[in-house]
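Quick note on our numbering: the sequence shown kicks off at 1497 and runs consecutively.
Backbone N, C-alpha and C define an ideal beta-carbon position, used for all residues, glycine too.
From a predicted model like this one, the values you see are computed outputs, not experimental measurements.
The structure under discussion appears below in the form of structure tokens.
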Amino acid sequence: MSRDHRLTRRTLLLAGALSPILPHVTHAQDRNLMKIRFSFSDQDFTATLYDNVSARDFASMLPLDVEVSDYSTNEKIAYLPRKLNPEARGPFPNPAIGDICYYVPWGNLVLYHGDYSSIRDLVRLGRIDGSVEPILTRGTYPMHITRIS
């Protein structure tokens, strides 16, 4: 038992020693995140792209005009003009409402407004900032996507 106690103590000491540099690591990762804006119908919202190969490939296409439409009961989809690099494909942990994904077999962008399961053919590109209410607007619309940072 005393060995476990020493290990815990070492862990705490190491964590305390590293804590001054951890905020810098976090801020460095934040600088790699990219903000984008979606506009369709009378809706306008932002999202944050993650720092992965597929998301950077998507960002390289912006600005972009696509058609967005409802698919099933939990998502909106838009077909992209070309396939993205699928290197960051799933499955991934913690799929969540508000995720922006790329579905590899069809080459389409997916905006989730309902629960879903991560599968091997999905790539998580980013996440909608705030509420998913804007993508609950039913129908098919032209959508403009731009990079804002």
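Please state whether DSSP places residue i in a helix, a strand or coil.
| i | result |
| --- | --- |
| residue 1623 | strand |
| residue 1563 | strand |
| residue 1571 | strand |
Since residue i and residue j should fall inside the 8 Å C-beta cutoff, what is the C-beta to C-beta distance between them, to a whole number of angstroms?
| i | j | result |
| --- | --- | --- |
| residue 1542 | residue 1644 | 7 Å |
| residue 1571 | residue 1606 | 5 Å |
Given a threshold of 16 other Cβ atoms within 10 Å of its Cβ, counted over all protein chains shown, does residue i qualify as buried or as exposed?
| i | result |
| --- | --- |
| residue 1595 | buried |
| residue 1630 | buried |
| residue 1546 | buried |
Just to confirm the assignment, what range does the beta strand (DSSP E) spanning residue i have?
| i | result |
| --- | --- |
| residue 1606 | 1604 to 1608 |
| residue 1543 | 1539 to 1545 |
| residue 1613 | It is not in any beta strand (DSSP E) - residue 1613 carries neither H nor E in the DSSP assignment. |
Against chain D, does residue i count as a neighbour if the rule is that its beta carbon must be under 8 Å from one of theirs?
| i | result |
| --- | --- |
| residue 1597 | Of the protein chains in this structure there is only one, and it is not chain D. |
Could you spell out where the alpha helix (DSSP H) holding residue i opens and where it closes?
| i | result |
| --- | --- |
| residue 1550 | 1549 to 1555 |
Can we count residue i as close to the ligand GTP, meaning its CB is less than 7 Å from some heavy atom?
| i | result |
| --- | --- |
| residue 1546 | Summarising the ligand content, the structure contains no ligands, and the ligand GTP is consequently not present. |
Notebook entry, point to check: Pairing CB atoms from the region 1603 to 1621 with CB atoms from the region 1550 to 1557, are three or more of them under 8 Å?
Noted result: Touching, yes, given that three or more Cβ pairs across the two stretches are closer than 8 Å.
Next item on the list: Check whether the region 1558 to 1567 touches the region 1626 to 1640, counting contact only when three or more Cβ pairs, one atom from each stretch, lie closer than 8 Å.
Entry: Yes, the region 1558 to 1567 is in contact with the region 1626 to 1640.
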